[in-house]
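**Q**
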DNA sequence: GATGAATGAGTATTCATTCAT
DNA sequence: CATGAATGAATACTCATTCAT
């Protein structure tokens with residue numbers, strides 16, 4: 720509803736298709752059937768569009784993971800649920816996800832910019848959610864004695880890296896059920912009882 | 720040495736600092752103290768510079784890993800050596816590495832372009848190296864029974880993801896010895912004898 | 720008071736600070752806490768704001784000079800009173816004055832436009848007031864035999880030039896009592912009895 | 720000659736005709752028969768064109784006045800020669816002069832900008848030249864006892880104000896020999912021997 | 001090899017102004 | 001009177017690339 724959403728939708732599909740840098744605002748306007756000026760009436764910047772998409776998507780991502788964590792009992796289960804959710808989410812919102820992982824401009828990432836702060840903040844929240852799982856897992860005995868900070872960092876990096884890998888390397892085909900394999904990979908590494916119980 | 724190298728060096732430092740897109744060829748020329756035209760005399764394209772940097776660096780990366788794999792006896796040791804090497808390499812060649820992981824333009828990645836093919840090819844080689852380690856490990860009993868394709872993909876994605884994470888999220892500080900922790904993470908997941916033998 | 724005056728006040732301060740061209744109507748609206756559309760409800764044009772400010776200010780300027788001239792007896796005294804008044808007025812209404820002298824747009828000055836006519840008209844009135852002083856002075860013997868037209872033109876130009884000079888050259892400091900010196904300068908040039916009576 | 724001069728010439732005539740703000744760089748390029756980009760290759764800024772014109776013209780102005788002052792013997796004669804020269808110069812280089820006096824943007828004048836410094840510097844030099852005349856005149860007895868600083872300021876302001884007046888008020892006709900009248904105006908005010916000796 | 005003037009298409013952004021509500 | 005979403009034309013400036021020298 721509303722022209723603003725038209726702009727977002729147009730931007731999402733164009734950015735996903737051609738990349739943020741390669742998409743002129745004029746193309747966004749044309750696709751959204753609005754005057755180019757309206758984009759800047761609503762977003763102030765071309766980057767503003769990207770930030771808006773990021774924020775909107777990331778808030779859902781974080782919120783749903785929050786619910787997820789609360790539901791799952793043992794820490795390991797929670798963590799693996801997060802892993803599973805990540806890839807399901809990436810699949811279901813694949814277009815928007817593609818936009819964000821594709822060529823998210825570093826100008827925005829540089830932490831001194833307004834946008835950089837937002838991104839860093841969201842990333843920190845996400846890291847904390849993973850840490851919380853690990854911590855809980857170590858307490859309830861489902862996760863073995865691993866360093867919390869580092870492990871969270873590793874898992875977060877792995878999730879991003881894999882999603883990016885898939886999006887950016889369309890040439891390299893891979894079994895789509897790889898993502899369940901990621902769960903196995905993590906479970907083996909983190910599970911306390913080492914009964915080599917997998918696949 | 721020679722002007723061509725001046726151009727490469729200038730490009731590496733500028734691309735690392737500001738990103739490929741945000742660096743005009745004029746800036747490269749100025750920093751290299753050459754006329755702008757000379758860049759196109761040597762490289763045909765702006766993208767040509769990036770490809771040159773990528774190829775040069777990637778060839779070393781692959782070659783050194785090749786030697787590494789040959790030396791290490793059990794498959795697991797080889798694989799972990801690859802992991803260790805990746806981060807050491809990223810550290811020692813950090814500027815060039817930053818260029819490649821920073822905002823490697825998707826136009827180049829899209830597999831139909833000349834550059835895209837080169838990149839995909841290198842990535843495939845790298846994947847094969849990892850697969851080879853896993854395969855060997857499964858034969859010599861050092862690695863447990865994991866699916867080769869998927870696991871290689873996971874490890875490759877994890878390495879890229881973590882390096883990217885570090886480079887692009889300077890706001891989020893992390894223990895620098897995280898990389899040895901990555902080894903632990905992988906060893907626990909892949910090692911056959913589950914003696915939970917780690918730090 | 721009322722929204723219209725809010726707009727005028729906002730415009731005066733912004734135009735004085737940043738110039739007419741460099742001040743978007745959106746900025747005026749924001750500063751005045753009104754919707755941008757309201758400006759055009761009241762003024763038809765962006766230029767309309769400037770014209771309004773000019774007219775309002777110029778009418779006071781002319782009216783007060785009129786009273787002044789009537790009071791002062793000899794023509795020379797009247798003329799010098801005008802000079803003195805000009806700088807006092809410029810000082811007391813300095814913000815508005817700055818607006819008008821700052822970068823009064825030539826599009827408005829070009830005499831075929833509506834605004835140009837108004838401005839030219841006011842300028843003519845002002846010139847006539849000065850002429851009247853000179854004429855009276857020559858009759859009553861206080862002003863020597865100078866060509867009326869040209870002298871009026873010179874004085875009018877001098878007053879504008881000096882005010883503009885001060886406003887636009889903040890880097891060049893000048894004794895603030897320079898304006899009394901302008902009176903001396905004119906008195907010496909115009910006074911019949913050449914007793915070199917000054918300072 | 721060469722394309723750079725073509726650009727300058729085109730800019731001078733267009734700026735004089737329509738004003739700096741109302742002249743798009745595209746119009747300058749078209750009139751100069753060059754690609755628009757070339758303007759920025761040579762001048763970095765639109766403002767750069769104006770600065771170039773200013774500097775070039777102002778340097779001639781100052782240099783010629785310098786020679787003038789050296790030639791003229793008594794200080795008063797030197798000063799009046801400066802006044803006469805100013806208007807002759809304004810007439811002969813009328814187009815360029817018009818550009819500078821027309822709507823020289825205050826952004827450039829604000830003394831913190833690069834351009835502002837140049838302008839202030841030139842203005843200071845010009846003021847000093849006038850001061851020098853006054854000082855000499857007071858020593859050689861041709862100029863009466865007037866405050867040097869203030870008088871120089873007044874004359875400089877008067878010259879600018881009158882030239883601006885003429886350029887910007889085409890509606891108000893004035894005897895073209897007004898400028899010799901300016902000389903008289905100044906002579907009467909400054910000359911020591913008060914014989915009211917003038918036309 | 002090397003220069004740098006010249007190109008020209010491309011693009012984000014601004015801004016006065018309109019108009020439905 | 002008042003709003004503010006919407007317009008769309010206008011424009012300064014960028015930048016990869018070419019080419020005569």
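Chains as they are written, first to last, in this note's numbering: chain A, 720 to 918; chain B, 720 to 918; chain C, 720 to 918; chain D, 720 to 918.
Idealized CB from N, CA, C, for every residue including glycine.
Within the 7 Å Cβ cut-off, does residue 908 of chain A reach chain B?
**A** With 7 Å as the cut-off, residue 908 of chain A counts as an interface residue toward chain B.
**Q** Residue 916 of chain A CB to nearest chain B CB: under 7 Å?
**A** Confidence at residue 916 of chain A is low in this model, with a pLDDT of 44, below 50, so its placement is unreliable and the value that follows should be read with caution. Chain B, which has no Cβ nearer than 7 Å to the Cβ of residue 916 of chain A, makes this no.
**Q** From the DSSP output, in three-state form, read off residue 882 of chain C for me.
**A** It is helical.
**Q** Hey, how far is the Cα of residue 772 of chain C from the Cα of residue 752 of chain C?
**A** In a straight line, the C-alpha of residue 772 of chain C is about 19 Å away from that of residue 752 of chain C.
**Q** Leaving aside the five residues before and after residue 875 of chain B along the sequence, list all residues of the same chain whose C-beta is less than 7 Å from its C-beta, in chain order.
**A** Correct list, in chain order: 845, 846 and 849.
**Q** Is the stretch 743 to 752 of chain B touching the stretch 809 to 818 of chain B in the sense that three or more CB pairs, one from each, lie closer than 8 Å?
**A** Output reads no: the stretch 743 to 752 of chain B does not touch the stretch 809 to 818 of chain B.
**Q** Please decide whether residue 795 of chain D counts as near chain C, where near means a Cβ-Cβ distance under 7 Å.
**A** By this cut-off, residue 795 of chain D is not an interface position.
**Q** My assumption, with CB atoms under 8 Å, is that residue 854 of chain A sits in contact with residue 867 of chain A. Please give the rounded CB distance.
**A** Contact flag correct, Cβ pair sits at about 6 Å.
**Q** Under 7 Å between C-beta atoms, does residue 901 of chain B make it to chain A?
**A** It does; some Cβ of chain A falls within 7 Å.
**Q** Less than 7 Å between the C-beta atoms of residue 834 of chain C and residue 766 of chain C, yes or no?
**A** It is a contact, given that the beta carbons lie within the stated cut-off.
**Q** Hey, is residue 869 of chain A's beta-carbon within less than 7 Å of any beta-carbon in chain B?
**A** With 7 Å as the cut-off, residue 869 of chain A counts as an interface residue toward chain B.
**Q** How would you list, in chain order, the residues of chain B whose beta-carbon sits under 7 Å from the beta-carbon of residue 876 of chain A?
**A** Per Cβ cutoff of 7 Å: 877, 880, 881 and 884.
**Q** Counting C-beta neighbours from all protein chains within 10 Å, is the total for residue 779 of chain C 16 or more, i.e. buried, or is it exposed?
**A** Classification of residue 779 of chain C: exposed, given that the 10 Å Cβ count is below 16.
**Q** Counting only runs of 4+ residues fully inside the stretch 772 to 831 of chain D, write out the alpha helix (DSSP H) ranges in chain order.
**A** Complete alpha helix (DSSP H) runs here, min 4: 794 to 811, 813 to 822 and 825 to 828.
**Q** Along chain A, in chain order, which residues have C-beta atoms closer than 9 Å to that of residue 814 of chain B?
**A** Simply none; closest approach about 15 Å.
**Q** In its own chain, which residues sit with a C-beta less than 8 Å from the C-beta of residue 799 of chain A, not counting the 5 before and 5 after it?
**A** 902, 905 and 906.
**Q** Using the DSSP secondary-structure output, state which residues sit across from residue 862 of chain D in a beta bridge.
**A** In DSSP, residue 862 of chain D forms a bridge with D:910.
**Q** Output yes if chain D places a C-beta closer than 7 Å to the C-beta of residue 806 of chain C; else output no.
**A** No - not a single Cβ of chain D is within 7 Å of the one on residue 806 of chain C.
**Q** Chain C beta carbons: is any one of them nearer than 7 Å to that of residue 904 of chain D?
**A** Yes - at least one Cβ of chain C is within 7 Å of the one on residue 904 of chain D.
**Q** If you draw a straight line from the alpha carbon of residue 857 of chain B to that of residue 795 of chain B, how long is it in whole angstroms?
**A** Straight-line Cα distance between these residues: approximately 9 Å.
**Q** Identify, in the order they occur along the chain, each residue of the same chain with its Cβ nearer than 7 Å to the Cβ of residue 852 of chain B, setting aside the five sequence neighbours on each side.
**A** Excluding sequence neighbours, residue 852 of chain B sits near 788, 794, 797, 798 and 801.
**Q** Can you find a CB in chain C that lies within less than 7 Å of the CB of residue 751 of chain D?
**A** Output row for residue 751 of chain D: interface = no.
**Q** So, is the C-beta of residue 872 of chain B closer than 7 Å to a C-beta in chain A?
**A** Output row for residue 872 of chain B: interface = yes.
**Q** Once DSSP output is grouped into helix, strand and coil, what is the label at residue 740 of chain B?
**A** Three-state DSSP puts residue 740 of chain B in coil, outside helix and strand.
**Q** How many Å lie between residue 863 of chain B and residue 908 of chain A at the Cα?
**A** One C-alpha to the other measures close to 12 Å.
**Q** Give the residues from the stretch 772 to 787 of chain A that approach chain B closer than 8 Å (Cβ to any Cβ), ordered along the chain.
**A** Cβ contacts with chain B: none found.
**Q** Three-state secondary structure (DSSP) at residue 896 of chain A?
**A** In this structure, residue 896 of chain A counts as coil in the three-state DSSP scheme.
**Q** Establish whether the CB of residue 728 of chain B and some CB of chain A are separated by less than 7 Å.
**A** No - not a single Cβ of chain A is within 7 Å of the one on residue 728 of chain B.
**Q** Is the beta carbon of residue 880 of chain B less than 7 Å from the beta carbon of residue 877 of chain A?
**A** Yes.
**Q** Within this structure, are the beta carbons of residue 755 of chain A and residue 744 of chain A separated by less than 7 Å?
**A** In this structure, residue 744 of chain A lies closer than 7 Å to residue 755 of chain A by Cβ.
**Q** If you draw a straight line from the alpha carbon of residue 758 of chain C to that of residue 726 of chain C, how long is it in whole angstroms?
**A** The straight-line gap from Cα to Cα measures roughly 7 Å.
**Q** Can you tell me whether residue 786 of chain B is buried or exposed? The criterion is at least 16 other CB atoms within 10 Å of its CB, across all chains shown.
**A** It counts as exposed.
**Q** Check whether chain A comes within 7 Å of residue 897 of chain B, counting only Cβ atoms and requiring the distance to be less than that.
**A** Closer than 7 Å to some Cβ of chain A, the Cβ of residue 897 of chain B qualifies, so yes.
**Q** Do the CB positions of residue 873 of chain D and residue 817 of chain D come within less than 7 Å of each other?
**A** Against a cut-off of 7 Å, the Cβ pair of residue 817 of chain D and residue 873 of chain D comes out as no contact.
**Q** I need the DSSP call for residue 767 of chain C, collapsed to helix, strand or coil.
**A** Note: residue 767 of chain C maps to helix in three-state DSSP.
**Q** Mind checking residue 883 of chain A: buried by the 16 CB within 10 Å criterion, or exposed?
**A** Label assigned to residue 883 of chain A: buried.
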